[in-house]
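**Q** Sequential numbering of the sequence shown, starting at 2, is according to my numbering. Beta carbons are placed, not taken as given, at the ideal position from N, Cα and C, and that holds for glycine. As the structure is a prediction and not an experimental result, all values here were calculated from the model. Okay, here's the structure, questions in a sec.
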Amino acid sequence: MEDLLKVGIADYKVGKAPSRIISYGLGSCIGISLYDPVTKIGGLVHVLLPNSKEAYASENPAKFADTGIPLLVEKVVAFGASRSHLQAKLAGGAQMFQFSNPSPIMTVGARNCENAKKALQQCGIRIVSEDLGGTYGRTVEIDLSTGLYKVKTVNKGEKTI
């Protein structure tokens with residue numbers, strides 16, 4: 002029987018085929034999926050902010066790209082995935098609001114993208130596809146039977162990356 006695991010903001014889930022993992026309403030947040038195509042084990046983290054060092058202390062490492070991605074790698078490997086087989090797919094990082102004088106603090110989506118890619122590189126995880134930026138929100142879902150990552154938007158439809 003197929004399970005649908007739901008990931009909230011600053012949350013993550015890990016599973017195995019035939020499960021699917023979904024996260025709703027990514028704006029400037031990023032949904033990072035990790036998948037091992039051999040074991041069909043994967044996970045999804047919904048990161049809210051780019052860097053834990055730029056924020057007030059948080060007990061939740063899944064909230065930040067720099068701590069949430071290493072956490073997800075650790076949990077997926079502990080579940081049985083092979084670190085050397087892991088593939089990453091990313092979606093989100095939108096600029097949801099326009100500002101007349103955008104300061105770096107207001108460009109959370111772009112900073113989330115940059116820090117997520119940096120964290121994946123530091124973990125030695127290859128990015129195989131992405132759907133980042135823009136000015137629209139997304140809902141993402143990974144099918145752990147196939148590794149397909151669906152990205153759904155209100156006005157731009159649905160695509161698989």
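(1) Quickly, what does DSSP pair A95 with across the bridge? List them, please.
(2) When the distance is taken between beta carbons, is I10 closer than 7 Å to H47?
(3) For G81, I'd like the list of residues in its chain whose CB is within less than 7 Å of its CB, leaving aside the five on either flank, ordered along the chain.
(4) What are the boundary residues of the alpha helix (DSSP H) that includes Y67?
(5) How about L35 and R21: are their beta carbons less than 7 Å apart?
(6) Tell me where the alpha helix (DSSP H) around R112 begins and ends.
(7) Bridge partners for S144 per DSSP, in chain order?
(8) List the residues that DSSP assigns as beta-bridge partners of T136.
(9) Tell me the DSSP secondary structure of A89 in three-state form.
**A** Once the coordinates are examined:
(1) None; A95 has no bridge partner.
(2) yes
(3) T40 and I42
(4) One detail in the question is off: residue 67 reads as Asp in this sequence, not Tyr. Per DSSP, D67 belongs to the alpha helix (DSSP H) from A66 to F80.
(5) Taking 7 Å as the Cβ cut-off, L35 and R21 do not qualify as a contacting pair.
(6) V109 to C124
(7) It is Asp, not Ser, that sits at residue 144 in the sequence shown. Answer is R21, bridged to D144.
(8) The partner list for T136 (beta bridge, DSSP) is empty, contrary to what the question assumes.
(9) strand
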